[in-house]
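For the record, the sequence lines run as chains A and B.
Just so we're on the same page, this note's numbering is the position in the first sequence counted from 1, plus 457.
Just so we're on the same page, this note's numbering is the position in the second sequence counted from 1, plus 457.
Protein chains: 2
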Amino acid sequence: MFNKLLIVGCGLIGSSILRASIKKKIAQKYFVYEKSIKNNSTIKKINSKVILLKKLDHNISDIDFIILSTPMSSYSRIITSLNKFLTNKAIITDVGSTKKNVLKLKKNELNKSLNWILSHPIAGSEVSGPEYGKANLFKNRWCIITKQKTDKKVEKVERFWKKIGCKVIFMSPDEHDKIFAITSHLPHLIAYNLIKTAQDFQHKERKNLIKFSAGGLRDFSRTAASNEIMWRDIFFNNKKNMLLGINMFLKNLNSFKKNIEKLEDIKLRKKLLNSKKIRKEIIKLKQDVSEPDFGRK
Amino acid sequence: MFNKLLIVGCGLIGSSILRASIKKKIAQKYFVYEKSIKNNSTIKKINSKVILLKKLDHNISDIDFIILSTPMSSYSRIITSLNKFLTNKAIITDVGSTKKNVLKLKKNELNKSLNWILSHPIAGSEVSGPEYGKANLFKNRWCIITKQKTDKKVEKVERFWKKIGCKVIFMSPDEHDKIFAITSHLPHLIAYNLIKTAQDFQHKERKNLIKFSAGGLRDFSRTAASNEIMWRDIFFNNKKNMLLGINMFLKNLNSFKKNIEKLEDIKLRKKLLNSKKIRKEIIKLKQDVSEPDFGRK
């Protein structure tokens, strides 16, 4: 598909793209720019063909496909190099978890001659680093591509994601950021907040909670162990939708609190029962397995 | 260990106790009292030895071990029958998820001559019903027994839980209810609240969220699919601790909201980073596996 593919930022996601691309023979040559020395030595072991770049300089002038998989807060600095050294033959894409901010960066900072097609593959884990990357990370996962006038370049990015396993869907940045605020960003913030609350409680009561965390807390602790830079970037960049989501959440929690305080049986049970519906739909749409979870072994 | 064992309420937990007890030869004879006709036909298939009772009447007078595994809101009604028909040779235990309320019931409603030792095995799933029960549900799970003067009967209950796989720990009802408010009850309420929020958003924005729920929401939907009667009972019976937990949670969420609103980078990152510590502890204490979760297949 491509001659020279460059991955900028090669952690969990970048190294998974690298592994999948090599496996699917996406390019002739594979380049990686990754600033962590420790990560570089891990990446070398993935495949001897991979060429590690020390800088984003004239070396990138004949790259034809670049994927940004750093935290979004590094995009601006990277764009400076792309503007200097890249040509209009290259296609740029990214994996950022919010899209309105990236579109804004593209419009305000990227040379008009360069081609950036915004993507967001919905894949990941609570762990970070190239040692955790997997070639099949994207298998059957959604990849959102920002809606725009379709041309050969957009089609090529679409084909790329499909080749490494994704189901592709087009969406406006606005719609993307609204939907993922609720399905991903708010759940992560809530998990962080629950863990913070458990820590405060543990500190205040001097009790060992962790020992008994299998009853629910455990599942949230996994989500709340995710990378802090990545999530800071997401929360800040999707601020407007996050605040809307937090406010809806607070309103509902205050209502649950009232139900419990006043022992409002019928109101409470109706809400608890209602939650089951969404679970059934999630399983129907193959976003989770129906097999019940009895705790991990 | 026992001659006649009776399980009152034979859903997920009751039928798992039944299966484990038969496997470990806990008793000579196994009795079940379960009010759902559908469940009774499932239970018959578990083992032909199981004797299904139609009523809690004179039939139970020579039972020597009774386990209550109905929702806690049924205990009071059951105690009336126990008072009428049970003798002091029997040991009663239960699996209720809160303990102060059960101790109060015992003190206020149970005949003084009868023996009730309060238990709480920390095991379960989001599914309900005897068809989901498993003999190894309790393997390596904590079982809390309410602290009291140790005698032969307490030791026997302890031996029982150990035989079917549990690690037993003694705790005061007060300590129990405080700890599980944070490790189990609050996480469940928060999961229900997040799903409610997603449903409200879906309704308001007429967007399909479910399709993209693998990014976080999915994990909460599992917890929020748990039995509504059981959880209503827990929230109401642990009201005081729930309200304390909700208030701590609200305070923290308002603080996170402020961090996002004002883009308070250092404060936010410090909190996100802090959450990782609890995760490491959870894994160290074998409450979860360290293997990262990349989404279920």
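For glycine and all other residues, C-beta sits at the position ideal for the given N, C-alpha and C.
query                                                                                                               : result
Segments of 4+ residues assigned as alpha helix (DSSP H) that fall wholly inside the stretch 652-716 of chain B     : 674-680 and 685-694
Three-way DSSP call (helix, strand, coil) for B:F595 in this model                                                  : coil
CB contact below 9 Å: B:K733 versus chain A                                                                         : yes
Three CB pairs or more closer than 8 Å across the stretch 469-486 of chain B and the stretch 502-509 of chain B     : yes
DSSP bridge partner residues for B:N823 (one or two, in chain order)                                                : Residue 823 of chain B is absent from the structure shown; chain B starts at 458 and stops at 754.
Cβ-based contacts, 8 Å cut-off: residues of the stretch 484-504 of chain A near chain B                             : none
Chain A contact for B:I474 (CB, 9 Å cutoff)                                                                         : no
Residue-level contact to chain A via CB, B:F658, 9 Å cutoff                                                         : yes
Whole-Å CB distance - A:K557 paired with A:P630, under 8 Å assumed                                                  : 4 Å
At least 3 beta-carbon pairs within less than 8 Å: the stretch 565-578 of chain B vs the stretch 545-555 of chain B : yes
7 Å CB neighbourhood of B:F677 in its chain, flanking five on each side removed                                     : A648, L651 and I652
Classification of A:T527 by the beta-carbon crowding that lies within 10 angstroms, buried from 16 upward           : buried
Per-residue DSSP class, three states only, for B:I424                                                               : No statement about residue 424 of chain B is possible, as the shown extent of chain B runs from 458 to 754 and does not include it.
Opening and closing residue of the alpha helix (DSSP H) in which A:L560 lies                                        : K557 to E566
Same chain only: Cβ atoms within 6 Å of A:Q659, ignoring 5 sequence neighbours per side                             : L666
Beta-carbon separation (whole angstroms), A:Y490 vs A:V507, contact threshold 8 Å                                   : With 8 Å as the limit, A:Y490 and A:V507 do not qualify as a contact, their Cβ atoms being about 11 Å apart.
Cβ of A:N540 within 9 Å of any chain B Cβ                                                                           : no
Rounded separation between A:K714 and A:T607 - CA only                                                              : 49 Å
Selection from A:I520, A:S530, A:S712 and A:M529 that minimises the alpha carbon distance to A:N545                 : A:I520
Chain B contact for A:A648 (CB, 9 Å cutoff)                                                                         : yes
Coil, strand or helix - A:M458 by DSSP                                                                              : coil
Contact list for the stretch 678-696 of chain A against chain B, Cβ threshold 7 Å                                   : S678, R679, T680, A681, A682, E685, W688, R689, F692, F693 and K696
Contacts of B:G672 in chain A (Cβ-Cβ under 7 Å)                                                                     : I579, F637, T640 and S641
B:L720 classed as buried or exposed, judged by whether at least 16 other C-beta atoms fall within 10 angstroms      : exposed
Cβ-Cβ distance between A:K664 and B:I483 below 9 Å                                                                  : no
Under 9 Å between C-beta atoms of B:F488 and B:L469                                                                 : no
Span of the beta strand (DSSP E), counted from its first residue to its last, around B:K541                         : First-last for B:K541: Y532 to F542, but that is the alpha helix (DSSP H), not the beta strand (DSSP E).
Rounded Cβ spacing between B:H577 and B:C600 (contact assumed at less than 8 Å)                                     : 7 Å
Interface residues of chain B facing A:M420 [CB-CB closer than 9 Å]                                                 : With chain A running from 458 to 754 in the structure shown, residue 420 of chain A is simply not present.
Inter-residue CB distance, B:G643 and B:G702 (contact presumed, cutoff 8 Å)                                         : The amino acid at residue 643 of chain B is misidentified as Gly; the sequence shows Leu. Confirmed, Cβ separation roughly 4 Å.
Where B:K486 sits in the DSSP three-state scheme                                                                    : strand
For A:C623: DSSP bridge partner residues                                                                            : BP columns for A:C623 are empty, so no partner.
Pairwise C-alpha distance: B:R534 and B:L543                                                                        : 14 Å
Test: B:R616 CB closer than 9 Å to a CB of chain A                                                                  : no
Contacts of B:W599 in chain A (Cβ-Cβ under 8 Å)                                                                     : K668, F669 and A671
A:N704 versus B:L567, B:W688 and B:T654, residue with shortest Cα-Cα distance                                       : B:T654
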